[in-house]
């Protein structure tokens, strides 16, 4: 690394950012919390918590309906976040930003609307071996309903997407390619731009599951040229219960509605209902208004730090953690792809991940242990479970050191 | 303060390292698989019964130290027990790992009391009780895979 780059990262004020997160100040079992489960959910900065409190204490009202001041204020706040999200993924229009309750619902929305109305028996859907269950099961359900066929791109021993095999699976029968941007179980970054380009050559549409990517890397849906991009608020330091679906405007306009209800209609009679224009067409019922407003606060906060600065800092932290992990005797990293982000998944000889998780918790360290909702990945690497440390920009090298010391202590328990 | 050694006692570490009654049984009267989807623990129990009594019992599979040690200790404790005795011990064991344990009959539990520390870690109770739920079902004559979820 160049001297300039080193100097740049030294300026990343992690200790200052840590002060923004109240929960990072607490102790667990008498030790300072070391939170390394960010791939499961991220912690929330005060600005997000304050935004929720402000909404509920100052302008709680339903949106898009009332003529009164509170409703007007809530509607503006809610719709401002749509613009923030448009900017966050660089969509060309706010019409293309749909609020859902999470990445899972966003994927289910596409499967149930685009999928049901465009796929027939014998059509094919391509996913990869490293998908989260939420990017497997909705497509399986669709296949059961309409006789489409699910095809799975293998991963190699490093946990990387095998492009050659993907190319072999692609054909004019391919109608949807649904792929994770970054694997939650392995950390592998997938070449989604190339994947999308190849899918489009066959006339297929591309959905990218961005749940793990959005906290770590800048997203540009126009550059990636994907048709759908889904992510979750709670992984980008916002509240739980909110997700975002970006969809290409012409597709969203042509697709049937997902759920029926209030806010998604222009006019209802018992004979005929006219649906709302985008984006309301896909937002039936009162949405998670406070959650969306909280997401807005989170995105503003992220923007103030700069996602590029976060990515650079986290890459250094992952390198540091990887080097330290490789020094632990009997430790095997699961997921060693060349392009990786912020996730260290591993197994240790003679120490089951679940026991490790409990022992680390005793030192105030939160990691995830288990199959990470990616059972096929566990089967691929022939392990029942892994331990996973996943990093955010508020984690430090000192925390990595504490983790490695605790892992070594755990090894002693079972030596 | 609760010490980690209270959970990973010597006897648990030992039974995890060298589980007793481990291995597939030839010609068991009943066999049943237990599965904990949360952590991927899997074990299969094998029993031979005679006159409502456990004549022989063994297990195999893989899992965390708590689940392996628990199955090892359980099979040790179940050899020669009647079905009624087995159910009574299970009841006591369940009290031991899920409540403050004061109501558990420690005399009936013997070595099984080593797993008392699990109650400090509610998410791990399933690991300790997987083998017991499987045993309970096998004694009732079930033949579906037992899941702790």
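Chains as they are written, first to last, in the working numbering: chain F, 524 to 938; chain B, 1291 to 1439. Virtual Cβ for every residue (Gly too), placed ideally from N, Cα, C.
Taking only beta-carbon positions, decide if residue 1330 of chain B is within less than 7 Å of chain F. yes
On the DSSP bridge assignment, give the partners of residue 752 of chain F in chain order. According to DSSP, residue 752 of chain F bridges with F:731 and F:769.
Can you tell me whether residue 524 of chain F is buried or exposed? The criterion is at least 16 other CB atoms within 10 Å of its CB, across all chains shown. Because the pLDDT at residue 524 of chain F is just 46, under 50, the model does not fix this residue reliably, and the point stays unresolved.
Take the Cβ of residue 579 of chain F as the centre, count every other Cβ of all protein chains shown within 10 Å, and call the residue buried at 16 or more, exposed below. exposed
Using a C-beta cutoff of 7 Å, does residue 555 of chain F count as contacting chain B? no
Please state whether DSSP places residue 524 of chain F in a helix, a strand or coil. Here residue 524 of chain F scores only 46 on pLDDT, less than 50, and its place in the model should not be relied on; the value that follows carries that caveat. Looking at residue 524 of chain F - three-state DSSP - the assignment turns out to be coil, as it is neither helix nor strand.
For residue 705 of chain F, I'd like the list of residues in its chain whose CB is within less than 6 Å of its CB, leaving aside the five on either flank, ordered along the chain. 712, 735, 736 and 864
For residue 1420 of chain B, would you say it is in contact with chain F, using Cβ-to-Cβ distances shorter than 7 Å as the test? no
Using a Cβ cut-off of 9 Å, pull out every chain B residue sitting near residue 937 of chain F, in sequence order please. 1298, 1303, 1306, 1307 and 1355
So, does the CB of residue 878 of chain F fall closer than 7 Å to a CB anywhere in chain B? yes
Using the beta-carbon of each residue, which ones in chain F are nearer than 8 Å to residue 1352 of chain B? 907
At a CB-CB cut-off below 7 Å, which residues of chain B make contact with residue 894 of chain F? 1330
Does the CB of residue 1423 of chain B have a neighbour CB from chain F at under 7 Å? no
Using a Cβ-Cβ cutoff of 9 Å, what residues of the stretch 1384-1409 of chain B are near chain F? List them in chain order. none
How would you label residue 690 of chain F, buried or exposed, when you count the other beta carbons within 10 angstroms and need 16 or more for buried? exposed
What is the C-beta distance between residue 1344 of chain B and residue 1364 of chain B, in whole angstroms, given that I count them as a contact (C-beta under 8 Å)? In fact, because the Cβ distance is near 11 Å, the residues do not count as touching under 8 Å.
At the 7 Å Cβ level, is residue 592 of chain F part of the contact set with chain B, yes or no? No, its Cβ sits nowhere closer than 7 Å to a Cβ of chain B.
Alpha helix (DSSP H) containing residue 623 of chain F: first to last residue? Unbroken run through residue 623 of chain F is the beta strand (DSSP E), 620-623; no alpha helix (DSSP H).
Completely contained beta strand (DSSP E) runs for the stretch 594-673 of chain F, where each covers 3 or more residues: Runs of the beta strand (DSSP E) inside the stretch 594-673 of chain F: 620-623 and 647-651.
Which bits of chain F does residue 1363 of chain B rub up against, with CB to CB less than 7 Å? Near residue 1363 of chain B there are no residues of chain F at all, since even the closest Cβ is about 16 Å away, more than 7 Å.
Have a look at residue 526 of chain F and residue 767 of chain F and give me their C-alpha separation to the nearest angstrom. Low confidence applies to residue 526 of chain F: its pLDDT is 49, below 50, so where it sits in the model is not reliable, and the reading given next is rough at best. The alpha-carbon atoms of residue 526 of chain F and residue 767 of chain F are separated by roughly 39 Å.
Please tell me whether residue 527 of chain F has its Cβ less than 7 Å away from any Cβ of chain B. Any reading at residue 527 of chain F needs caution, since the residue's pLDDT is 47, under 50, leaving its predicted position unreliable; the model's value is listed next. Not an interface residue.
For residue 558 of chain F, which option in F:936, F:643, F:657 and F:891 has the closest C-alpha, if you only look at C-alpha atoms? F:891
Within its chain, find whatever has a CB closer than 6 Å to the CB of residue 609 of chain F; leave out the 5 residues flanking it on each side and keep chain order. 617 and 620
Could you give the DSSP three-state label for residue 1349 of chain B: helix, strand or coil? It is a strand residue.
Which ranges does the beta strand (DSSP E) cover as unbroken runs of at least 3 residues, wholly within the stretch 686-748 of chain F, from first to last along the chain? Those beta strand (DSSP E) runs which fall completely within the stretch 686-748 of chain F and span 3+ residues are 697-703 and 728-732.
Same chain, Cβ closer than 6 Å to residue 1399 of chain B, neighbours up to 5 away in sequence not counted: 1382
Where does residue 745 of chain F land, buried or exposed, given buried means 16+ other C-beta within 10 angstroms? exposed
Are residue 753 of chain F and residue 630 of chain F touching if we call contact CB-CB under 7 Å? For residue 753 of chain F and residue 630 of chain F, yes; Cβs fall inside 7 Å.
Which class does residue 1360 of chain B belong to by DSSP, given the choice of helix, strand or coil? helix
According to the neighbour-count rule (16 or more other Cβ atoms, all chains shown, within 10 Å of its Cβ), is residue 1362 of chain B buried or exposed? Answer is buried; the Cβ neighbour count reaches 16.
So what does residue 555 of chain F bridge to, in DSSP terms? F:550
Own chain, CB closer than 6 Å to residue 640 of chain F, minus 5 neighbours either side, in chain order: 779
Kindly indicate if chain B contains any beta-carbon less than 7 Å away from that of residue 627 of chain F. With 7 Å as the cut-off, residue 627 of chain F does not count as an interface residue toward chain B.
Between residue 1429 of chain B and chain F, is the shortest Cβ-Cβ distance under 7 Å, so that the two count as touching? no
In this structure, how does DSSP classify residue 1397 of chain B when only helix, strand and coil are distinguished? Three-state DSSP puts residue 1397 of chain B in a helix.
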